[in-house]
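Encoded as C-alpha cells, the structure appears first; notes follow it.
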Amino acid sequence: MCGNEALAESAIIAGCDAYFGYPITPQNEVPAYMSRRMPEEGRVFVQSESELAAINMVFGASATGKRAMTSSSSPGISLMQEGISYLSGAELPAVVVNVMRGGPGLGNIAPSQADYFQATRGGGHGDYRTIVLGPSSVQELVDCMPLAFDLADQYRMTVMVLADGILGQMMEPVVLEKKKGRELPPKDWALTGAAGRKQNIVRSLWLPEGALEELNNKLLDKYKQVEKNEVLCEEYEVDDADIVVVAYGVAARIVRGAVSRAREEGIKAGWIRPITLWPFPTGQISRAADEFRIFLVVEMSNGQMVEDVRLAVTGKAPVLFYGRPGGGVPTVDEILDQIRQLTLRPKT
Amino acid sequence: MTVNGFCEEIVIAGFGGQGIMLTGKLLAQTAMKAGKEVTYMPSYGAEVRGGTANCMVVIAENEIACPVVGRPDSLIVMNKASLNKFASRLKKGGLLIMNSSLIDVDPEVDDSIELVSVPADELAVELGSPRSANMVALGAYLQKRGYLTPNAAARALPDVLARRYHKTLPVNIKALQKGGEYTGNNRNY
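Here it is as C-alpha cells:
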C-alpha cells in the first residue's frame, strides 16, 4: 500500500462516512481507493466536478453530523479555501488531506512543503484557525486519520493533514488497526430532521450587530483550548545539543538521519519535530532556546515554518534556515554539511 | 541512510513497461518479509509504456531516514537511457547490474564499481517469457548481493503481482532463479 491508499483505508477504519474529491497528482490513489472501498462499506463516495464542489459537499455532509473528508494537492487545496472558511464560520467538523506538490501556480508534481503558510494561517478569509497535522512516515499518516476525525468532531473544526508527494507515493510497512477513539460530545447541533425538537441552524452569516464578534470570540476561546491541549511534538537529544534542527514531515526524517550521523562525528546535535503545525509547539522550542544553541530549520520550501520557530525563539538564539524549494528534496549529506558548517566542523 | 548496521539503497530504472515498479515492489516486499526496515518510492507522474520509469528502494536494519535515494549502493538498469541517467550517481564501490541485451556500451563508471552485465532479455526469451527480463535482473542482483535470495523473492511474488497475472507466477519464478544462476555460475560477466 502506498501512503495515499493507507491514509484512505485508515479514514475508513476511523469511520469516515463520506468522501468527496477531485483527482490531482500526487494524491490520485486516495479517490481511486475510496471509489472502490466506500461503496463496499455502504458509505458515500462522490467524484465531484471540481474541488469547490468537493469541499462544499463536505460542508453539506458534515452539517448532517456525518464524518466527511476530502483530499487534494496544493492547487486543489487553494480552490477549497473558500469552503474551509465557511466550514470554520459554521463550526463544522471536516478533515482535509493536502498531499503537497511544488508551487506556486500549477507548479509541478514533485513533493513539497510550500503550503505551510496556507495551512497554518488559514488560506481563506476571516478570523479562523485549522488544526494542522504534519506526519513524517506512512505509519504516522495512518495514525493521523482517526486523530484528525476526533479532533474535528471534538472542536468542530477543520483538521488538515499536511502530507507531501513522497508520503503519498512511498510504500513502507504499516499496521492498520481500529483503536479506541476519544470520548466525543454529541452532535446535537447537526441537521438531522427537527421533528420533536427545536430546529438547528448551520450558517456562517452573522449579520446582527455584535453577533459575528461574539462568534469570533467563541472561536478564539476554542482555539485557546486547542493550543493548550493538543500540541504534539517529538524531540531527540536536545538537552546537551549545541545545534537543534527543527523540521516536520518528510524533511524531519531526513534531518533525523543527518543528526544521527552528526552525533557519530561527535557533534552535539539534536532535533525537534513539530507534529501539530498548528497549534505550533512554541513552548517546547522556546524552552530549548533558554540555553544558548543554534537553531537550524530545514524545509522543502524557501522558508515558512522558520518564521514560527523565530517567533518561538524570540531572539534568544540564532535561527538559520536551509531549504529546497520547487520539488527539491534535501539529502542527509546536504543537511549534515549545514550542521558541520554551523558548528564550525571542517568538511570531511 | 541509517547510522548503524546494514543499509542498502537501490535504484531500479528502465523503460515504462519493463516492469520496473513491480521489480521494486517485489524487492521491498521480499525485504519486509525478511524482517527488514524498507521503503519504496516510485517515480510518479507521466510514466507510460515506452517512457522512462524508475523506483528507489531502501532496505536497512534500522529506521530509514530518507526514502529518496541520491547516491545508490546498487543500480539495476534495464536500458541505455537509464544507465546514462543514473550510473554517475552510484556510490564508490557500488554494484551496477546492467541489462546487456539492451545496452551495447561499456559504462563509464568509477573503477571501484562492480559491473555485472546480464543479458536479461535473452535469458527471458529462452524461458519463453520475454516480459520476465525484470525478474532475471532482480534474480541476478539478489544472488550477487546475497542478503536475500531469488527464492525468497519468488515466495513474495504472489503478494505484489496482480491476481490476473498469477498464471505467470511459475515462469517468473523461473526467471528469478535463472538470473540468480547466471550470476552464481558466471565469473566473467
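Protein chains in written order, with my numbering: chain U, 1 to 348; chain L, 1001 to 1189. Glycine included, each C-beta is placed from N, C-alpha and C at the ideal position.
Q | Contact belief for U:V329 with U:P93 at Cβ below 8 Å, rounded distance in angstroms | A | Here residue 329 of chain U refers to the residue found at position 329 when the first sequence is read from its first residue. Here residue 93 of chain U refers to the residue found at position 93 when the first sequence is read from its first residue. Incorrect: roughly 33 Å between the Cβ atoms, too far for contact.
Q. Which of helix, strand or coil does DSSP assign to L:Y1147?
A. For this step, residue 1147 of chain L is matched to residue 147 along the second sequence. If DSSP states are grouped into helix, strand and coil, L:Y1147 belongs with coil.
**Q.** Proximity winner among U:T120, U:I77 and U:E49, relative to U:Y223 (alpha-carbon distances)
**A.** For this step, residue 223 of chain U is matched to residue 223 along the first sequence. For the residues U:T120, U:I77 and U:E49, the minimum Cα distance to U:Y223 belongs to U:T120.
**Q.** Simplified DSSP state of U:D333, which is helix, strand or coil
**A.** Sequence index remark: in the first sequence, residue 333 of chain U carries index 333 (1-based). The answer is helix: DSSP assigns U:D333 an H, G or I state.
Q. Roughly how far, in whole angstroms, is the beta-carbon of U:F292 from the beta-carbon of U:V306, given that I think they are within contact range, below 8 Å?
A. Locating residue 292 of chain U in the first sequence gives position 292, counting from the first residue. Locating residue 306 of chain U in the first sequence gives position 306, counting from the first residue. With a Cβ gap of about 19 Å, U:F292 and U:V306 do not count as contacting.
Q) Hey, is U:L340's beta-carbon within less than 9 Å of any beta-carbon in chain L? A) To locate residue 340 of chain U, count along the first sequence from 1; it is residue 340. Note that residue 340 of chain U is Arg in the sequence shown, not Leu. False, the Cβ-Cβ gap to chain L never drops below 9 Å.
Q. Alpha carbon to alpha carbon, how far is L:A1053 from U:M170?
A. The sequence position of residue 1053 of chain L within the second sequence is 53, counting from 1. The sequence position of residue 170 of chain U within the first sequence is 170, counting from 1. The straight-line gap from Cα to Cα measures roughly 15 Å.
Q: Please classify U:T360: is it buried, with 16 or more other beta-carbons within 10 angstroms of its beta-carbon, or exposed?
A: Outside the shown range of chain U (1 to 348) lies residue 360 of chain U, about which nothing can therefore be said.
Q: Consider the Cβ of L:A1153: report whether some Cβ of chain U lies at a distance smaller than 9 Å.
A: Residue mapping note: residue 1153 of chain L aligns to position 153 of the second sequence, counting from 1. Answer no: the Cβ-Cβ gap between L:A1153 and chain U never drops below 9 Å.
**Q.** Where U:E5 sits in the DSSP three-state scheme
**A.** Numbered from 1 along the first sequence, position 5 holds the residue referred to as residue 5 of chain U. Residue state, collapsed to three classes: helix.
Q.
Can you tell me where the beta strand (DSSP E) holding U:E214 begins and where it ends?
A. Counted from its first residue, the first sequence places residue 214 of chain U at position 214. Note, U:E214: premise wrong, no beta strand (DSSP E); alpha helix (DSSP H) at A211 to N229.
Q. Using 9 Å as the limit for Cβ to Cβ distance, is L:E1122 near chain U?
A. Within the second sequence, numbered from 1, the residue matching residue 1122 of chain L stands at position 122. Chain U contact via Cβ: absent.
Q: Report the rounded CA-to-CA distance for U:E399 versus U:F149, giving the unit in angstroms.
A: The structure shown has nothing for residue 399 of chain U, since chain U only spans 1 to 348.
Q) Going along the region 237 to 259 of chain U in order, which residues come within less than 9 Å of chain L, judged by CB to CB distance? A) V250, R253, I254, V255, R256, G257 and A258
Q) Counting Cβ pairs, one atom from each stretch, are 3 or more of them under 8 Å apart for the region 262 to 278 of chain U and the region 175 to 182 of chain U? A) no
**Q.** Within chain U, the residues that L:V1039 reaches when beta carbons sit closer than 8 Å
**A.** Translated into the one-based positions of the second sequence, residue 1039 of chain L becomes position 39. Here residue 1039 of chain L is Thr; the residue named in the question, Val, does not match the sequence. Simply M170, M171 and E172.
Q) Are the beta-carbon atoms of U:T130 and U:W271 separated by less than 9 Å? A) Counting from 1 along the first sequence, the entry for residue 130 of chain U is found at position 130. Counting from 1 along the first sequence, the entry for residue 271 of chain U is found at position 271. No. Outside cutoff.
(Q) Could you tell me the alpha carbon to alpha carbon distance between L:Y1040 and U:A288, rounded to whole angstroms? (A) Within the second sequence, residue 1040 of chain L is the residue found at index 40, counting from 1. Within the first sequence, residue 288 of chain U is the residue found at index 288, counting from 1. In a straight line, the C-alpha of L:Y1040 is about 35 Å away from that of U:A288.
Q. In three-state DSSP terms, what is U:Q27?
A. For the purposes of this step, residue 27 of chain U is identified with residue 27 of the first sequence, where counting begins at 1. Here U:Q27 sits in coil by DSSP.
(Q) Measuring CB atoms only, is the region 148 to 168 of chain U touching the region 184 to 191 of chain U, in the sense that at least three cross pairs come out at less than 8 Å? (A) yes
Q.
Which runs of the alpha helix (DSSP H) at least 4 residues long sit entirely within the region 228 to 300 of chain U? Give them in chain order.
A. 249 to 264 and 282 to 288
Q: Give the residues of chain U in contact with L:A1065, contact being defined as C-beta atoms less than 7 Å apart.
A: In the second sequence, the residue the question calls residue 1065 of chain L occupies position 65. Result: R253, I254, R256, G257 and V332.
Q) Does any residue of chain U bring its CB to less than 9 Å from the CB of L:I1020? A) In the second sequence, counting from the first residue as 1, residue 1020 of chain L sits at position 20. So, not an interface residue.
Q | Cβ-based neighbour list, U:P325, same chain, cut-off 6 Å, excluding 5 preceding and 5 following | A | Residue mapping note: residue 325 of chain U aligns to position 325 of the first sequence, counting from 1. S301 and N302.
Q. Cα separation between L:A1081 and L:P1150?
A. The residue labelled residue 1081 of chain L in the question sits at position 81 within the second sequence. The residue labelled residue 1150 of chain L in the question sits at position 150 within the second sequence. For L:A1081 and L:P1150, the distance between alpha carbons rounds to 26 Å.
Q. Taking the DSSP output, what are the residues bridged to U:L320?
A. The residue given as residue 320 of chain U occupies position 320 in the first sequence. Its beta-bridge partners are U:L296.
Q: Could you name the residues of chain L that U:I166 contacts, counting a contact when the two beta carbons are closer than 8 Å?
A: The residue given as residue 166 of chain U occupies position 166 in the first sequence. Within chain L, the residues near U:I166 are M1041, P1067 and V1068.
Q) By a C-beta neighbour count over all protein chains shown, 10 Å radius and 16 as the cutoff for buried, is U:F295 buried or exposed? A) Here residue 295 of chain U refers to the residue found at position 295 of the first sequence. Classification for U:F295: buried.
(Q) Given 8 Å as the limit, tell me if L:P1042 has its C-beta closer than that to any heavy atom belonging to the ligand GTP. (A) Inclusion of the ligand GTP in the displayed structure is not the case, the ligand content being empty and no account of it being possible.
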